[in-house]
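Novice: Can you keep this structure in mind? I'll have questions shortly.
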Amino acid sequence: MSSNVPVRLSVNGRVHELDVEPRLLLVHLLRDRLGLTGSHVGCDTTSCGACTVHVDGEAVKSCTVLAVQADGTKVTTIEGLAQGDQLHPLQEAFWEDHGLQCGYCTPGMIMAAADLLARNPDPTEEEIRHGLEGNLCRCTGYHNIVRAVSDAAKHPHAGRIPHPGPTPEGAAIGLELAREGLGA
Amino acid sequence: MTAVDSRAQGGFVGRPMKRKEDPRLITGRATYVDDIQPVGTLWMAFVRSPEAHARVTSIDTSAALAREDVVAVFTGDDLEGIAAPLPCAWVPPGVEVNAPEHWPLAKGHVAHVGDPVALVIGVDRYSVVDAAEDVVVEYEPLPVVVDPEEALKDEVLVHPGLGSNKVHEWSLGGGDLDAGFAAADVVIERRIVNHRVAGGAIEPRAVLAEERAGHITIWSSTQVPHFLRLFLSILLGLSEERIRVIAPEVGGGFGSKLQIYGEEILCAWAAQRVGRPVKWVETRSEAMMVTHHGRDQIATVRVGAKRDGTVTAFHAKILADFGAYLMLLTPAVPALGAFVMSGCYRFPAVQTDIVGVLTNKFSTDAIRGAGRPEATHMIEVAMDQLAHELGLDPLDVRRRNFIAADDFPHETALGIVYDSGNYQASLAKLLEHLDVAAFRAEQERLRGEGIHRGLGFSTYTEICGLAPSRVVGPGGFGLQTGLWESALVRVHLTGAVTVYTGTSPHGQGHETGFAQIVADRLGCDPEQVEVVHGDTAAGPQGLGTYGSRSLAVGGEAVAKATAKVVEKGKALVAHKLEASPDDIEVRDGRWIVRGSPEQGMTLAEVAGSAYIPEDIPEGMEPGLEETAFYDPNNFVFPFGAHAAIVDVDAETGKVKVVRYLAVDDCGPAINPLLIDGQVHGGIVHSIGQALYEQVIYDEIGQLVTGTFVDYALPTAAEIPSIETDRTETPSPVNSLGVKGIGEAGTIAASAAVANAVIDALRPLGVDYMDMPFTPMRVWNAIQEGQQ
Amino acid sequence: MIPAEFDYVAPDSLDAALRALAHGGEDAKALAGGHSLLPLMKMRLAVPTLLVDLRHVPGLRGAQRENGSWRIGALTRHADLQGRAELGIVGEATSLIADQQVRNRGTIGGSLAHGDPASDLPTILVAMEGTVSVRNSAASREIAAGDLFQDYMTTAIAADELITEVRVPALEDWGHAYEKFTRRAEDWAMVGVCALVRKGADGSCEDVRVAFTNMASTPIRATAVEHALRGQPLSSDAITGAAEQAAEGTDPPGDLNATPEYKRHLARVLTRRALSRAAGV
Ligand SMILES: Cc1cc2nc3c(=O)[nH]c(=O)nc-3n(C[C@H](O)[C@H](O)[C@H](O)COP(=O)(O)OP(=O)(O)OC[C@H]3O[C@@H](n4cnc5c(N)ncnc54)[C@H](O)[C@@H]3O)c2cc1C
Ligand code: FES
Ligand code: FES
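Quick mapping for you: the protein sequence lines, in order, are chains A, B and C.
Numbering of the first sequence is given in our numbering, commencing with residue 2 and proceeding in unit increments.
Numbering of the second sequence is given in our numbering, commencing with residue 32 and proceeding in unit increments.
Numbering of the third sequence is given in our numbering, commencing with residue 0 and proceeding in unit increments.
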C-alpha cells in the first residue's frame with residue numbers, strides 16, 4: 002500500500018489542501034474531490050483532450066498529470082473561465098457560432114483554444130486547426146469550432162484566463178512547499 | 032404540397048437562434064452521468080474475455096472477494112433474477128432468424144474479445160479496477176472465425192449450439208430485375224466493401240443505478256430512455272412504473288447509444304443486490320471493444336444500363352457481418368438501406384438480397400445512418416463507375432436517371448413513396464458554387480506539377496423520420512414496437528412554458544428548436560420555453576432520438592400539442608374579449624382579435640385565466656396543457672447534392688480533402704444554425720470513415736484498433752471548412768414541412784470522397800478501390816495500377 | 000484507466016533524486032513530464048513501485064548557447080523549444096511532436112531516456128551527433144547519441160542514472176529539415192526523416208547527416224545516403240539519386256498502418272523531400 006501524499010494547489014483562485022493517493026490523476030482530483038465536473042474523460046491514451054485544463058497558465062491533459070504533480074501549481078478549469086456572469090470571449094464565441102453540440106468535448110476544446118490564443122493572438126485558420134489537433138470532437142465537424150476561435154481572437158483578451166500562473170501567490174505556494182520539502 | 036404555416040405566425044422559426052442549452056455546457060455546469068454521485072455510490076468494473084472464442088473453464092473470485100474494498104463479485108452463474116437474454120427488437124414476419132442467446136454475463140462461453148465474464152463491485156473508481164485484475168479466469172480457446180465470407184462456410188461455428196453462422200436471408204425488391212438486365216446495353220458489377228466503424232461519441236457510456244423502496248432509478252448515457260425502461264422491466268421482472276430512466280446530458284450517441292446494453296441491465300440488477308447505488312463508467316478501451324460497431328458489409332452490386340446511361344436494373348447482394356450476437360437492431364440495419372436502394376433515381380427494377388452472418392467480433396448495429404450510408408455508397412459509387420464505363424459525364428448519368436421534380440409524391444419500384452424532392456434543383460445549386468469546367472482545367476494543370484486532384488459527387492436521398500408504426504412495426508417491417516412520438520406542452524400560471532418531448536437529444540439542440548416552434552405559436556419568447564427530455568418520469572411515453580426522427584416526428588408532436596393549447600387558449604380569449612374563437616390570432620406576442628389589435632391578452636393573462644377559472648367558457652376544463660401523440664403516415668425523404676475535392680500525394684498515398692461542398696434539403700429550416708451543425712458533423716463523420724477510421728480485428732479475433740490512438744478519428748487539422756447551402760422543399764407529411772437532417776451528411780459524404788479519390792487516381796491506373804483510403808492502401812492501389 | 004499503486008517522492012535536489020532512485024532499485028522510475036510513462040502506467044503496461052518526480056530538482060530546465068553548442072537541461076519541455084529558429088532542427092522537430100498539451104508537459108530528457116524509436120527527438124539527437132550527460136549518485140558520464148539507443152525502448156542509461164543535460168552542436172551553417180509522415184497531425188511518425196546539410200561555397204554538399212524515425216528498433220543513420228551525397232553538387236538529381244539509397248540495409252518493423260515495404264518506400268520519398276528542403280533545392 003502506498004501512502005498518501007499531501008498536496009496544496011490553487012484551483013480557479015481557491016487554495017485547496019488535500020491528502021491524495023500518489024496515483025490519483027489530476028482530472029479525478031478535480032472531478033471527484035473538488036466536484037469540478039466540467040473537465041471530462043474521453044479516452045485512455047491522452048488523445049482526446051476532453052480533460053484539458055490549464056496548469057500555471059498552460060493547457061495540459063489532466064488525465065495524464067498526477068494530482069501530486071500539480072502540487073504547488075495554479076490550475077484553471079472551465080468552471081474558472083467566466084468571471085461571474087461575464088463569459089470569457091471564447092465561451093461567448095462558441096455560443097454565438099454554434100461551436101458545440103453535445104458539449105462533451107467543449108470544456109477541453111475551449112481550454113486548448115485559450116492556450117492557442119495566448120501563444121498566437123491572431124491565428125490563421127490553418128494555425129487554429131493545428132492548434133486544436135490534441136482535441137477530438139465527434140459532433141461539430143470542427144467547422145464552427147474553428148470559426149468560434151477565429152471570432153474570439155478578435156477580442157483583445159481572448160488568450161487571457163482569469164487565474165494564470167505563476168502569479169505571486171502561486172509562486173509563494175511553490176516556494177513555501179519547496180522550503181518545507183513537502184512531497185518528499 | 033401542403034402549405035407551411037410555421038413561419039406565418041411569428042418570428043422565431045427560421046431564425047439562426049443561439050442555443051438555449053449552451054450556457055451550461057460552455058461553463059462546465061452540465062450534468063453527464065459520471066457527474067452524478069449519490070451518497071454511498073459503489074463502483075462496478077468488468078472482467079472481460081481476452082479470447083475471441085473460448086469455453087470458460089473456471090473463474091476464481093476469491094482473491095477479489097478477499098479485498099477489503101470489494102463488496103461483491105458476480106459471474107454468469109449468479110444471474111438468477113435476470114429473466115431473459117438481451118433483446119433483438121427486429122423479428123421480420125415470415126423470416127427465419129438464427130439468433131444466439133446473449134446474456135449480459137457470459138454463461139461458460141465467450142464469443143468475442145471483451146465478452147464480460149464477471150463483474151466486481153467495490154468502493155471507489157480506482158480500487159475496483161485493481162480488484163477486477165484479481166479475478167482469475169481460465170479459458171479453453173476454441174477456433175475463431177473473423178472473416179464473414181469464411182464464417183458462411185460454417186467450418187468454425189461462433190456458437191456451436193446454433194449449428195450455423197448464417198443468421199438470416201432477407202430480400203426487398205420491385206420491378207422485373209431479369210427484364211431490366213436483359214434490356215441493358217451494359218452491365219457492370221463491383222464488389223463494394225463498407226468496412227467496420229465505431230460510433231466514437233466522445234463521452235463513453237456510463238450508467239448509475241439506485242434502488243430505494245422497490246423503486247429503481249437508472250441514469251444512463253442513452254438515446255432511448257423509454258426503451259431502456261421497458262427492457263429493464265422485462266428483464267428484471269419489475270413493473271414499469273417502478274422504474275425511472277434518466278438520460279441526463281449525453282455526450283454524443285451517433286447510434287452507439289441506441290441500444291440496450293448488458294451493462295445497463297447489470298448496473299440496475301447489482302444495485303438491487305447490494306442495496307447501494309452502483310455506477311459504471313466505460314473506459315475508451317472498453318468502448319472500442321463493446322460499444323456496438325457499425326457497417327461491415329460486403330456488397331456485390333450489379334447495374335444494368337442503356338448506352339445513354341439510363342439504368343434498367345440495380346441489384347445489391349449484401350453479406351452483413353453481425354459479429355457475435357444480435358443486439359437491438361443488428362439485423363435490421365442493412366435492411367433499412369434496402370428501402371432506398373433506388374436512391375434519387377427512376378430505377379425500373381431494384382433488388383437487395385441480404386445475408387447476415389455471425390463472426391467472433393463484437394456486434395454491429397446502428398451507427399449514424401444505419402444501412403443508408405452503405406446503400407448510398409453503393410448507389411453513388413456505382414453511378415460513377417457506370418458513367419466511366421459508358422464514357423459519360425457522371426453528372427449527366429445522374430440527371431438522366433433523376434426522378435422528375437414534378438413527379439412527387441413518387442412511388443419507387445420498391446413501393447416506397449418519396450414524399451417530395453427536387454434533385455435537379457439541389458444539384459444545380461451545388462454547381463452554382465463549383466465551376467466544374469474550371470476545376471477540370473486546374474486538375475490538368477496540377478497533374479503536370481505532380482499533384483493528383485480529384486472531384487467526386489454524391490446525389491442522395493434517404494429515408495428517415497422513423498415512424499410510421501404501420502410500416503415499421505411488428506406486422507410490417509418487423510420492429511417489435513410502434514414508432515410515433517409524443518409531446519406535452521404545459522403553460523404555467525405565469526405564462527412560462529414547459530415542453531416534454533419523448534425524444535432524447537444528445538447534442539442536436541432540441542431545447543432550442545422545439546422552443547422556437549412553441550414560442551411562435553403561443554406568442555412568447557423561446558427563453559420562456561423550457562424543453563424537458565430524457566426522463567421517463569417526466570412527460571408521456573416516448574421513443575427517443577435516432578433515425579433523424581426528432582424534428583419530423585417529435586417536433587411535429589410538439590407542434591400538434593401546441594396547436595391544442597392554442598385552440599383552447601383561443602376559445603378562452605374569445606370568451607373574455609367577446610369575440611369568435613375564429614377571429615383570435617396570436618401576433619407579436621399577443622392574443623388579439625383580428626382587425627382590432629388594441630383588444631388582446633398576453634400568454635400570461637391567458638394562462639392566468641385558465642388557472643384561476645373564475646370566468647371561463649361553460650364546460651371548459653381549467654388549466655392550460657395538452658398532450659399529443661403523433662404517428663405520421665409516411666417517412667420523410669431528405670436529399671441533396673454533395674461534392675468533394677481531394678488531393679492525393681501519389682508518392683505516399685496520403686489523401687486530403689481540400690474542399691467539401693454540400694447542398695441539402697430538409698424542408699423549411701426551423702433553425703439554420705442547427706441544420707448546418709448537423710450537416711458539418713455528419714459529413715466529417717463520413718470523411719472519417721472514408722479516410723481515417725476502421726475497426727480492425729486480426730485473424731485470431733484480437734481487436735487491433737483498441738484505443739483512440741489506433742482508431743483514428745479526424746482532428747480539426749485533417750478537415751477543411753465545409754461549404755453548405757440549402758434548398759427548401761417542404762414535406763407534405765407533417766405540418767412543419769420538415770425532414771430529418773441528423774444523418775444526411777454521413778449518408779452522402781463517403782461516396783463523394785470515394786468518387787473524388789478514384790477520379791484523382793484514374794490517370795494512375797486505378798479505376799476502383801474500396802474505403803478506407805489510408806496512405807498505405809492508396810499507395811498499394813497505385814502500385815497495382817501501374818503494373 | 001488507472002495506474003496501479005506506487006510510492007511517490009519529489010526530492011528537491013539532484014543528489015536526493017539519485018539517492019531515491021538508487022534506493023528504489025529496478026522498479027523505481029524517474030518522472031519528468033510523465034507523458035510517456037503515465038500513459039503506459041494507466042494501461043498497466045508499466046507498474047513501477049516508486050516514482051521519483053524530478054519537478055523540484057533545480058537547474059535542469061532551459062537551453063543555453065555555449066562554445067558552438069546548445070546545452071539543454073533534461074527537464075526542458077518541448078514547449079520551451081518548439082518553433083525557436085535559433086535552435087535549428089530542434090526547434091523545428093519539437094513543434095511537430097503530438098499536440099500543444101503534450102508539448103507543454105513532455106521533456107527532452109524524458110523523450111531521450113524513453114528511447115521509443117517512433118519518437119522524434121532521439122532521431123534528431125542521432126542526426127546532430129549530440130551527447131547526453133548522465134549521473135548516478137557516484138559519478139557522471141557522457142553518452143554519445145550513437146551509443147545511447149541500444150534496442151527498442153532500451154538505452155544505455157542505467158536504472159540508477161539520470162540524464163541531466165543534452166548537448167547538441169549548434170550547426171549554424173547547416174540547412175535542416177524534419178519530414179514526419181503521419182496519418183493525422185497529432186500522430187506518432189509512421190516514418191520520420193531528419194536531414195542536415197552543409198552547403199559548400201561552390202554549392203556542393205560539404206557534409207550531410209540523415210537519420211530515421213521508426214525505421215528500426217532504434218533511431219538509425221542513413222549512412223548510404225550520406226555517403227552518396229557527400230561531396231556531390233546539391234542538385235535535385237543528386238539528391239534524388241542519394242535518396243534512392245535510403246532504405247538500404249533497413250529492416251523496419253511493420254505495424255497497423257505500414258508494412259516494412261511501405262516504410263522503406265516512405266523512407267526514400269521523405270529522404271528526398273527532407274534533403275531538398277534542407278539543401279534549399
Ligand atoms: C498522445 C501523445 C502523443 C505523443 N506523440 C509524440 C510524438 O509524436 N513524438 C514524440 O517524440 N513523442 C510523442 N509523445 C511522447 C512525448 O513527447 C513524451 O512526453 C516524451 O517522449 C517523454 O517525455 P516526458 O518528460 O513526458 O517523460 P516521462 O514520461 O516522465 O518519462 C519517460 C521515461 O523516461 C524516464 N526519464 C524521464 N526523465 C529522465 C531523465 N532526466 N533521466 C533519465 N530517465 C528519465 C522515465 O523514468 C521514463 O522511463 C507523445 C505522448 C503522448 C501522450
Ligand atoms: S481524457 Fe485526457 S486526453 Fe482523453
Ligand atoms: S460537441 Fe460533442 S464531441 Fe464536440
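Just so you know, even glycine gets a beta-carbon here, dropped at the ideal spot from N, CA and C.
1. Determine, for C/VAL33, whether the minimum Cβ-Cβ distance to residues of chain A falls below 9 Å.
2. Which residue comes first and which comes last in the alpha helix (DSSP H) that contains B/GLY293?
3. Looking at the strands, I want to know which residues DSSP matches up with B/GLY671.
4. Cutting at 7 Å between CB atoms, please list the residues of its own chain near B/ARG377, excluding the five before and the five after it.
5. In whole angstroms, what separates the C-alpha of C/HIS226 from that of C/THR217?
6. Based on the DSSP output, what are the partners of B/LYS591 in its beta bridges?
7. May I ask which residues mark the beginning and end of the beta strand (DSSP E) holding C/LYS28?
8. Within a Cβ cutoff of 6 Å, which residues of the same chain sit near C/LYS179, ignoring the five residues on either side of it in sequence?
9. Comparing C-alpha positions only, which one of A/VAL66, A/ASN121, A/GLN92 sits nearest to C/MET40?
10. Kindly examine ligand 2 and report whether one of its heavy atoms sits closer than 8 Å to the Cβ of A/THR47.
11. Under 8 Å, CB to CB, which of the residues in the region 95-109 of chain A have a partner in chain B?
12. Give the secondary structure of C/LEU13 by DSSP, where H, G and I count as helix, E and B as strand, and everything else as coil.
13. Taking buried to mean at least 16 other C-beta atoms within 10 Å of its own C-beta, is C/TYR323 buried or exposed?
14. Excluding the five sequence neighbours on either side, which residues of its own chain have a C-beta within less than 6 Å of the C-beta of A/ALA179, listed in chain order?
15. Would C/ASN213 pass as a contact of C/PRO116 if the rule is Cβ separation under 9 Å?
16. C/CYS193 to B/ALA232, Cα distance in whole Å?
17. Could you pull the start and end residues of the alpha helix (DSSP H) that B/PHE258 belongs to?
18. Just by C-beta distance, which residues in the region 94-125 of chain C are closer than 8 Å to chain A?
19. Can B/VAL520 and B/VAL448 be called in contact, C-beta distance under 9 Å?
20. Which whole-angstrom value is the C-beta distance of B/ALA672 and B/THR407, which I expect to be below 8 Å?
21. What residue from B/ARG793, B/LEU767, B/GLU749, B/VAL688 has the CA that sits closest to B/ALA783's CA?
22. Do B/ARG399 and B/LEU367 have their beta-carbon atoms positioned less than 9 Å apart in this structure?
23. Are the CB atoms of B/SER535 and B/GLY773 nearer to each other than 9 Å?
24. As a quick exercise: from B/ALA149, B/GLU420, B/ALA240, B/ILE623, pick the residue whose alpha carbon is nearest that of B/VAL168.
25. Look up B/LYS601 in the DSSP assignment and say whether it is helix, strand or coil.
26. What does the Cβ neighbour count give for C/LEU120, buried or exposed, with the cut at 16 atoms within 10 Å?
27. Any chance the CB of A/CYS106 is under 8 Å from a heavy atom of ligand 3?
28. Is any heavy atom of ligand 3 found at a distance shorter than 8 Å from the C-beta of B/ILE57?
29. Grab me the residues of B/ALA369's own chain with a C-beta within less than 6 Å of its C-beta, minus the 5 sequence neighbours each way, in chain order.
30. Just the chain B side, please: which residues come within less than 8 Å of A/ALA38 by C-beta, in chain order?
31. When every heavy atom of ligand 3 is checked, does at least one fall within less than 8 Å of the C-beta of B/THR407?
32. Just to confirm the assignment, what range does the beta strand (DSSP E) spanning B/LEU203 have?
33. Per the contact definition of three or more C-beta pairs closer than 8 Å, is the region 220-237 of chain B in contact with the region 310-327 of chain B?
34. Take the Cβ of C/ALA273 as the centre, count every other Cβ of all protein chains shown within 10 Å, and call the residue buried at 16 or more, exposed below.
35. B/GLU480 bridges to which residues according to DSSP?
36. Output, in chain order, the set of chain A residues within a Cβ distance shorter than 9 Å of B/LYS288.
Specialist: Result, derived from the coordinates:
1. It should be noted that the sequence gives Gly, not Val, for residue 33 of chain C. Closer than 9 Å: yes.
2. It spans 293-305 - the alpha helix (DSSP H) in which B/GLY293 sits, taken as one unbroken run.
3. B/TYR491, B/ASP695
4. ASN432, ILE434
5. 21 Å
6. Among the bridge pairs identified by DSSP, B/LYS591 is matched with none.
7. 27-30
8. These residues qualify, in order along the chain: LEU95, ALA188, GLY191.
9. A/VAL66
10. yes
11. From the region 95-109 of chain A, only PHE95, TRP96, GLU97, HIS99, LEU101, GLN102, CYS103, GLY104, TYR105, CYS106, THR107, PRO108 have a Cβ closer than 8 Å to chain B.
12. helix
13. This structure leaves residue 323 of chain C out entirely; chain C is present only between 0 and 280.
14. Low local confidence applies: a pLDDT of 44 at A/ALA179 is under 50, so the model's placement there is unreliable, with the coordinate-based value given in what follows. Result list for A/ALA179: empty, nothing under 6 Å.
15. yes
16. 37 Å
17. 256-267
18. Those residues of the region 94-125 of chain C that come within reach of chain A (Cβ to Cβ, closer than 8 Å) are ALA97, ASP98, GLN99, GLN100, VAL101, ASN103, ARG104.
19. no
20. No, B/ALA672 and B/THR407 are not in contact; Cβ-Cβ is about 12 Å, not under 8 Å.
21. B/VAL688
22. With respect to the 9 Å criterion, B/LEU367 and B/ARG399 are not classified as neighbours on the basis of their beta carbons.
23. no
24. B/ALA149
25. In the structure shown, B/LYS601 sits in a helix (DSSP, three-state: H, G or I).
26. buried
27. yes
28. no
29. LEU203, THR383
30. Checking the displayed sequence, the identity of residue 38 of chain A turns out to be Thr instead of Ala. Near A/THR38 (Cβ distances below 8 Å), the residues of chain B are GLY59, THR62, TYR63, ASP65, ASP66.
31. no
32. 197-205
33. Contact annotation: the region 310-327 of chain B touches the region 220-237 of chain B, with at least three C-beta pairs closer than 8 Å.
34. buried
35. Partner(s): none; B/GLU480 has no beta bridge.
36. For the C-beta of B/LYS288, not a single chain A residue is nearer than 9 Å; the gap to the nearest is close to 11 Å.
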